[in-house]
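Asks: Per my numbering: the sequence shown = residues 981 to 1165. Please find one structure pasted underneath; my questions will follow.
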Amino acid sequence: MMEEFRVALRSLTERICRELEGQEIPKETVWTVVDRPGTPPYVAMDVERPALSETRLALSIVLLRLPEDTKVADAAENDADLREGIIIDAGGVLRPPERTNLTRTLVTNFLWRYLSEGRHLEWDEDKFNETFEELKAELASKRVVFHTILPLSNLKVAIDTLDFDKELRLRPASLEELERWLWDR
981 MMEEFRVALR SLTERICREL EGQEIPKETV WTVVDRPGTP PYVAMDVERP ALSETRLALS
1041 IVLLRLPEDT KVADAAENDA DLREGIIIDA GGVLRPPERT NLTRTLVTNF LWRYLSEGRH
1101 LEWDEDKFNE TFEELKAELA SKRVVFHTIL PLSNLKVAID TLDFDKELRL RPASLEELER
1161 WLWDR
């Protein structure tokens, strides 16, 4: 199952690790909310926050120039297990792989997980096998596994929650979620 895709993805992951060898995740200065138990929350400048979102964006752009990425896209398009669908679009439709956007989203998410969100930048065969097995299990179950919580700016809602269906809810973020979002940026 998915052997050609696995081989191509392994080659791409090794290449990305070679490209990142010896690099450190850059730091960025951001304003954040500090909320310690027993004290009121306050705003402070964090000068040592890892710039993970920029790193993830750069990773997705780097893929465009790598021949290994093309091989992964070819393998994904030709694989019977992936042809049924790999990404659920905004309308809730399971979409088959396509050369750029959907396949790149799948590959970027895989690499980001393998790289432990930018904290594990070296090649490790066992880590690759473990991450690939997780990907296979998720693809086999055909369920949404990547959740993003982002603060919505310029939106005012005077209700507690908006329920669209059992899978999609819009609710105000808690202070902990907002702080975590600020920290991960």
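The beta carbon of each residue, even a glycine, is placed where N, CA and C say it ideally should be.
(1) Is the Cβ-Cβ distance between V1013 and L1162 less than 8 Å?
(2) Does the count of Cβ pairs from the stretch 1044–1051 and the stretch 983–1000 closer than 8 Å reach three?
(3) By Cβ distance below 8 Å, which residues in the same chain neighbour T1111 in space, the five residues on each side in sequence not counted?
(4) Just verifying my parser: in three-state terms, what is the DSSP assignment at R1029?
(5) Using the three-state DSSP reduction, which class does V1073 fall into: helix, strand or coil?
(6) Counting C-beta neighbours from all protein chains within 10 Å, is the total for M940 16 or more, i.e. buried, or is it exposed?
(7) Drop a sphere of 10 angstroms on the beta-carbon of V1087, count the other beta-carbons inside from all chains shown, and report buried for 16 or more, exposed for fewer.
(8) Can you look up H1127 in the DSSP assignment and give me helix, strand or coil?
(9) So, G1065 versus R1079, is the Cβ gap smaller than 8 Å?
(10) Could you give the first and the last residue of the continuous alpha helix (DSSP H) run that contains E1004?
(11) For T1012, name the three-state secondary structure that DSSP assigns.
(12) Determine whether the beta carbon atoms of M982 and L1082 lie at a separation below 8 Å.
(13) Look up A1117 in the DSSP assignment and say whether it is helix, strand or coil.
(14) Any Cβ of chain D within less than 8 Å of the Cβ of A1055?
(15) How would you write the range of the alpha helix (DSSP H) that P1017 sits in, first residue to last?
(16) For D1059, does the count of other Cβ atoms within 10 angstroms reach 16, so buried, or fall short, so exposed?
(17) Quick one: using the 10 Å Cβ neighbour count with 16 as the cut-off for buried, is R1084 buried or exposed?
Replies: In short, the structure shows the following:
(1) Cβ distance < 8 Å, so V1013 and L1162 count as in contact.
(2) Yes: the two stretches touch, three or more of their Cβ pairs being nearer than 8 Å.
(3) Closer than 8 Å at the Cβ level, and outside the excluded window around T1111, lie F1090, R1093 and Y1094.
(4) R1029 falls in the strand class under three-state DSSP.
(5) In the structure shown, V1073 sits in coil (DSSP, three-state: anything other than H, G, I, E or B).
(6) Given that the chain is displayed from residue 981 to residue 1165, the structure contains no residue 940 and the question cannot be resolved.
(7) Buried is the call here.
(8) Because the pLDDT at H1127 is just 49, under 50, the model does not fix this residue reliably, and the point stays unresolved.
(9) At the C-beta level, G1065 and R1079 stay beyond 8 Å of one another.
(10) Run containing E1004: none; DSSP gives neither H nor E here.
(11) Three-state DSSP puts T1012 in a strand.
(12) Against a cut-off of 8 Å, the Cβ pair of L1082 and M982 comes out as no contact.
(13) A1117: helix per DSSP, three-state reduction.
(14) Absent from the structure: chain D. Only one protein chain is present.
(15) Segment: none, P1017 is in no alpha helix (DSSP H) and carries neither H nor E.
(16) D1059 is buried by the Cβ-count criterion.
(17) Burial of R1084 is indicated by the presence of at least 16 other C-beta atoms within 10 angstroms of its C-beta.
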